[in-house]
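Since the structure comes first, as structure tokens, the remarks are kept for the end.
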Amino acid sequence: GIQVEQSPPDLILQEGANSTLRCNFSDSVNNLQWFHQNPWGQLINLFYIPSGTKQNGRLSATTVATERYSLLYISSSQTTDSGVYFCAVNGFSGGYNKLIFGAGTRLAVHP
Amino acid sequence: EPEVTQTPSHQVTQMGQEVILRCVPISNHLYFYWYRQILGQKVEFLVSFYNNEISEKSEIFDDQFSVERPDGSNFTLKIRSTKLEDSAMYFCASRTRRTSNEKLFFGSGTQLSVL
């Protein structure tokens, strides 16, 4: 099945810094979503972005489907950005389609 | 944005007991999923469900697990005889269409602790 790799696995930032999280996938996809898992364990959907670029406040994401990667940009990071960021993808092949998650990037933002 | 609702948010049970985790998918959605996340690990697919039957299940979803849509609005996951290793966060998700090129909406999860 499709493989999803996220990097870096861990990231420590000072408040106000910018960061880029990467998601590589092994096959063509028709769905890619970025999630933030907060300290309470909730999965917060950030972007649905199978291709192209989207922005939402301090966050933006770009997916280059032909090169099989997606990037999540966090600008002017805040302590509330801490948590785990997951990338999840759906391939074109398969039956009833399920999202496959990467292992996540654990982000800690310090004041 | 519409929401998938899960109850309870936390459940504590004794090993060997049956538990039922409940989900109310978004009202016009037709495809339903359960995912599981053991503490510190990635989110794993358990099962998908459409038209009152299982569409796909993972190797994790063994005979101890079952799913049901009992009344047209709720979607439940039952674990027949819980084991310590069933302790995890369980997420329900739903979407409107079969095709995968559509956002999957997740609930806020049920944290299951098996003692």
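Each protein sequence line maps, in turn, to chains A and B.
1 is the number of the first residue of the first sequence in the working numbering; add one for each residue after it.
1001 is the number of the first residue of the second sequence in the working numbering; add one for each residue after it.
All C-beta atoms in this analysis are idealised placements derived from N, C-alpha and C, irrespective of residue type, glycine included.
Every value quoted in this text rests on a predicted model; they were computed, and no experiment measured them.
query	result
Of the listed residues B:Thr1096, B:Gly1016, B:Thr1082 and B:Leu1112, nearest to Ser1048 of chain B (C-alpha basis)	B:Thr1096
Proximity test, Cβ basis, 8 Å: Leu43 of chain A and chain B	yes
Cβ pair Phe25 of chain A, Val84 of chain A closer than 8 Å	no
Where Leu46 of chain A sits in the DSSP three-state scheme	strand
Collapsed DSSP secondary structure at Thr1096 of chain B in the structure displayed	coil
Buried/exposed call for Val64 of chain A, threshold 16 Cβ in 10 Å	exposed
Residues that DSSP places opposite Gly1109 of chain B in a beta bridge	Paired residue(s): none; Gly1109 of chain B is not in a bridge.
Near-chain A residues of the segment 1013-1034 of chain B (beta-carbon distance less than 8 Å), N- to C-terminal order	Tyr1031 and Tyr1033
Beta-carbon proximity of Ser1094 of chain B to Phe1032 of chain B, cut-off 8 Å	yes
Short Cβ contact (8 Å threshold) for Ser77 of chain A with Ile49 of chain A	no
Three CB pairs or more closer than 8 Å across the segment 1014-1021 of chain B and the segment 96-111 of chain A	no
Assumed close pair Gln1014 of chain B, Thr1110 of chain B - CB separation to whole angstroms, cut-off 8 Å	Contact doesn't hold; Cβ gap of about 17 Å is too wide.
Identity of the residue in B:Leu1104, B:Gly1107, B:Ser1108 and B:Val1114 nearest Lys1083 of chain B by Cα	B:Val1114
Chain-ordered chain B contacts of Gly102 of chain A [CB-CB under 8 Å]	Lys1042
Where Thr1082 of chain B falls: helix, strand or coil (DSSP)	coil
Beta-carbon proximity of Ser1081 of chain B to Gly1016 of chain B, cut-off 8 Å	yes
Beta-carbon neighbours of Gln1111 of chain B, restricted to chain A and to distances below 7 Å	Gly41
Met1011 of chain B and Leu1112 of chain B closer than 8 Å at C-beta	One detail in the question is off: residue 1011 of chain B reads as Gln in this sequence, not Met. Their beta carbons are under 8 Å apart, which means Gln1011 of chain B touches Leu1112 of chain B by this criterion.
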